[in-house]
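Notes follow once the structure below has been shown.
In this note's numbering, the protein residues as written are -12 to 128.
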């Protein structure tokens, strides 16, 4: 077998593996009310909303992101939602999250005459808005 016939597939494999690089192993933490959004949904919104540009400037080995969505329906059917996203440093040696927010964004809203489903949709939208605010303060679009 010729060496050139082995080199081409190996090069193709190397290029393909770099093109589909896995996202960084980031600490994405959620402290939301389960009535509005599940922790898994909130973390997936964080992962989708933070572009690769952010991880280049603020590596996952040094920074964590946390989200918190609180609120719910009042007695008269008004949905009140507050969503907050924070970028927190990690300690150098233990890689533990240190509660000294570097960037914080809060989005809130109230919607009268809402159902529980509409309130959950509002919570997701406000969390997306808070994520966009933090990201826009870190990197240019």
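Every residue, glycine too, gets a C-beta built ideally from N, C-alpha and C.
Being a predicted model, the structure only gives us computed values, none of them experimental.
What is the rounded straight-line gap between the Cα of residue i and the Cα of residue j?
i	j	result
residue 115	residue 22	17 Å
residue 82	residue 62	43 Å
residue 98	residue 106	8 Å
residue 39	residue 122	11 Å
residue 19	residue 50	20 Å
residue 103	residue 24	11 Å
residue 100	residue 27	27 Å
residue 80	residue 48	11 Å
residue 146	residue 113	A question about residue 146 goes unanswered here, because the residues of the chain that appear run from -12 up to 128.
residue 58	residue 96	10 Å
residue 77	residue 12	13 Å
Who does residue i pair with in a DSSP beta bridge?
i	result
residue 54	17, 72
residue 94	70
residue 77	84
Could you spell out where the beta strand (DSSP E) holding residue i opens and where it closes?
i	result
residue 99	Here residue 99 belongs to no beta strand (DSSP E), and DSSP marks it neither H nor E.
Going by DSSP, what residue range makes up the alpha helix (DSSP H) through residue i?
i	result
residue 89	Premise fails: residue 89 is in no alpha helix (DSSP H) and is neither H nor E.
residue 126	Premise fails: residue 126 is in no alpha helix (DSSP H) and is neither H nor E.
residue 26	26 to 36
residue 44	39 to 44
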